[in-house]
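Chemist:
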């Protein structure tokens with residue numbers, strides 16, 4: 001390589017801009033765009049459940065695995081958990097929500113749907129939804145998982161009965 005050839009120290013994408021413009025352009029947040037159907041996506045997980053959530057502006061229709069909320073989640077606490085992000089942002093009638101959830105039990109599925117919906121709303125408009133959802137701790141994944149079974153014992157903590165003689 002020729003010794004006289006030097007690599008430019010300035011990024012070509014910001015060349016010709018003032019320092020303030022270059023710093024401002026590099027720190028801007030990328031705006032999420034909807035997919036072909038106009039949906040914003042969010043994926044939530046809780047224990048062994050996974051929820052894939054799609055939202056788009058609409059009248060407030062909410063379906064989970066092609067069922068209504070009260071048909072899919074019988075317990076009131078699970079229904080309230082799924083609706084928590086919408087209530088937190090006063091957006092109950094603002095979005096049509098489509099949730100596909102699989103794995104785990106009902107409470108884990110409700111927790112996964114909650115996180116997926118909160119993430120989808122944050123993707124839709126980060127400036128107005130992300131802060132209240134984060135303050136309410138709805139964008140935080142609950143990392144508690146089932147403890148694994150250990151060898152030489154019947155469960156995760158339970159030991160076989162001890163016999164002294």
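Residue numbers (UniProt numbering): 1 to 165. Every residue gets a Cβ at the ideal spot worked out from N, C-alpha and C, and that includes glycine. Just so we're clear, the structure is a prediction, and the values are computed from it rather than from any experiment.
#1: From residue 124 to residue 152, what distance separates their C-alpha atoms?
#2: Quick one: grab the DSSP three-state call for residue 57.
#3: Whose CA, out of 129, 150 and 119, lies closest to the CA of residue 88?
#4: I want to know whether the segment 129 to 145 touches the segment 65 to 82 - three or more CB-CB distances under 8 Å.
#5: Closest by CA to residue 122, which one among 62, 86, 50 and 106?
#6: Find the nearest neighbour of residue 75 within the set 110, 61 and 62, judged by alpha-carbon distance.
#7: Looking at residue 59 and residue 108, is the spacing between their C-beta atoms short of 7 Å?
#8: Taking the beta strand (DSSP E) that residue 96 belongs to, which residues open and close that run?
#9: Taking DSSP as the reference, what is the three-state secondary structure of residue 63?
#10: Would you say the segment 59 to 70 touches the segment 134 to 151, given that touching needs at least three Cβ pairs under 8 Å?
#11: Nearest to residue 93 by alpha carbon, out of 57, 72, 127 and 120?
#12: Hey, could you find the ends of the alpha helix (DSSP H) residue 116 is sitting in?
#13: How is the beta strand (DSSP E) around residue 40 delimited, first residue to last?
Modeler: Taking the coordinates as given:
#1: C-alpha separation (whole angstroms): 50 Å.
#2: strand
#3: 129
#4: no
#5: 86
#6: 110
#7: no
#8: Residue 96 -> beta strand (DSSP E) spans 95 to 102.
#9: strand
#10: Taking a cut-off of 8 Å on C-beta distances, the segment 59 to 70 does not touch the segment 134 to 151, as fewer than three cross pairs fall below it.
#11: 57
#12: Counted as a single uninterrupted DSSP element, the alpha helix (DSSP H) harbouring residue 116 occupies residues 106 to 124.
#13: 40 to 46
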